[in-house]
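Quick note: my numbering has the sequence shown finishing at residue 131, numbered continuously throughout. Note that beta-carbon positions come from the ideal geometry of N, C-alpha and C, so glycine has one too.
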Amino acid sequence: HTHGMQFGVEIGDFRWSPSQYVYKQWADLYQKGAQSLYVNRGFGFLGYPGRIGILPEITVLTLKRSTS
Numbered sequence: 064h065t066h067g068m069q070f071g072v073e074i075g076d077f078r079w080s081p082s083q084y085v086y087k088q089w090a091d092l093y094q095k096g097a098q099s100l101y102v103n104r105g106f107g108f109l110g111y112p113g114r115i116g117i118l119p120e121i122t123v124l125t126l127k128r129s130t131s
């Protein structure tokens with residue numbers, strides 16, 4: 064997880080965080096072909112004791128067997 068660098072802006076489909084300059088995938092679900100990657104923003108913090116614009120996140124993933 065990336066903590067989203069604990070700072071960012073999310074309005075509708077627009078998302079920005081300084082973490083995008085460090086990590087190509089910094090939050091959400093990414094898919095390439097048959098592969099999937101989910102990057103969680105975490106729940107706590109690192110350094111600065113808070114978050115601005117990046118909500119804490121707990122993710123529950125349900126894995127299902129492929130039918131093919």
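So threonine 130 and valine 102 are in contact, right, with Cβ under 8 angstroms, and what is the actual spacing, rounded?
The sequence position of residue 130 within the sequence shown is 67, counting from 1. The sequence position of residue 102 within the sequence shown is 39, counting from 1. Actually they do not touch by this definition, with Cβ atoms about 27 angstroms apart.
Whole-angstrom distance between glycine 116 and glycine 75, CA atom to CA atom
Working through the sequence shown from its first residue, we reach residue 75 at position 12. Working through the sequence shown from its first residue, we reach residue 116 at position 53. Those two C-alpha atoms are separated by around 13 angstroms.
Have a look at glutamate 73 and serine 80 and give me their C-alpha separation to the nearest angstrom.
Here residue 73 is taken as the residue at index 10 of the sequence shown, counted from 1. Here residue 80 is taken as the residue at index 17 of the sequence shown, counted from 1. Distance between the alpha carbons of glutamate 73 and serine 80: 9 angstroms.
Is the distance from the Cβ of glycine 110 to the Cβ of glutamine 69 below 9 angstroms?
Stepping through the sequence shown from its first residue, residue 110 is reached at position 47. Stepping through the sequence shown from its first residue, residue 69 is reached at position 6. Yes; because the gap between Cβ atoms is below 9 angstroms, this pair is in contact.
Where does tyrosine 86 sit, in a helix, a strand or coil, going by DSSP?
In the sequence shown, residue 86 corresponds to position 23, counting from 1. Coil at tyrosine 86, not helix or strand.
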